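K.L.:
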Amino acid sequence: MAQPNPGITERKNVNGRTQTVQRAQRAKIAGSIGFKWAVRVEMTGPRVEHVRSERNLLAEVDSRCIVKLHYSFQDSDFLYLIIEYLPGGDIMTLLMREDILSENVARFYIAESILAIHSIHQHNYVHRDIKPDNLILDKNGHLKLSDFGLRKTLDDKYSTILLENEDFNGQESTSETEGYFAYSTVGTLDYMAPEVLLKKGYGIECDWWSLGAIMYEMLVGYTPFCSDDPRMTCRKIVNWRACLKFPEEPKISAEAKDLICSLLCDVDTRLGTRGVDEIKVKTPMGIMFVWATAL
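Each residue of the sequence shown is one higher than the one before, starting from 1 at the first, in full-length UniProt numbering.
1. Enumerate in chain order the residues of its own chain whose CB-to-CB distance from P87 is below 7 Å, with the five nearest sequence positions on each side excluded.
2. Short of 6 Å in beta carbon distance, which residues of its chain neighbour V276, apart from the five on each side in sequence? Order them along the chain.
3. Taking 8 Å as the threshold, find out whether the segment 211-218 comes into contact with the segment 129-144 through three or more Cβ pairs.
4. Tell me the residue span of the alpha helix (DSSP H) that contains L137.
5. Give the DSSP bridge partners of K144, in chain order.
6. Do the segment 217-234 and the segment 246-255 meet, that is, are 3 or more Cβ pairs less than 8 Å apart?
7. How would you label A116, buried or exposed, when you count the other beta carbons within 10 angstroms and need 16 or more for buried?
8. Relative to the alpha-carbon of L137, which residue among N124, L150, M92 has its alpha-carbon at the smallest distance?
9. Compute the Euclidean distance between the alpha carbons of K257 and L154, then round it to the nearest angstrom.
10. Which one of P194, C65, N104 has the shortest CA to CA distance from W208?
11. Return the bridge partner residues of K236 from the DSSP annotation.
12. Please list, in chain order, all residues of the same chain as R231 whose beta carbon is under 8 Å from its beta carbon, the five residues on each side excluded.
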């Protein structure tokens, strides 16, 4: 077994998956000079499948709204992904520093997040782990979506994973396939949609719920159903009709509340369930302006 390079740092994310990340030396890529990130995963265990899933999506989806894959290769011990270096940090780091964002700033990031999420939905992928940690900023402050290890291919009809007695830890176990929806409980709890927790079947609409939770967090300073007890968070999400509340401070405009409530709602009425066009039509004019400029 090859020994880890001492210059490479191990990172463990909230789902317990460990990745090895290193900022590599400058390299000439497609005629331009830029940094590369090397992601190295040992060729054992379920992590390999997650990284392969990410590689397959990055190779298929050509969009400026998601992180760019430069190379992928493997040896007998490790699987490597070489992806672009985004020096702006992630939205979670931004929120930890700023606590809350102004509506103008949040509006911009939400608009770019919509573009990013739509770019993978167009290829029949559901991300299943939309959260601030996976929204990364480039050197110009534009947002890109990352971390596709939990993505699920829906094809024309929804793929299905049916799991029994699964804990809320973002891990997948042995699964069966039947029906037209995904059933596995994966993702990050604070941003999970109720249909994911209830295992009633879900598709791309669960990503739009997650975006609503992120917008709430941007404007309020914490997630809408947060609790020190994960079981209580689950109960709040499932009972969102009674538990979704807005504090008196900070003040949030009626338009922002309306958009959040249009995302944190039942699947049948949730914006995005019938396609991204309804988000373009129904979101406030401020969002529409940023949408146009982002394009």
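We put the CB at the ideal spot given by N, CA and C, even for glycine.
Computed from a predicted structure; not experimentally measured.
P.N.:
Based on what the coordinates show:
1. K139
2. H118
3. yes
4. Unbroken run through L137 is the beta strand (DSSP E), 135-137; no alpha helix (DSSP H).
5. I136
6. yes
7. buried
8. M92
9. 31 Å
10. P194
11. Answer is none; K236 lacks a bridge partner.
12. none
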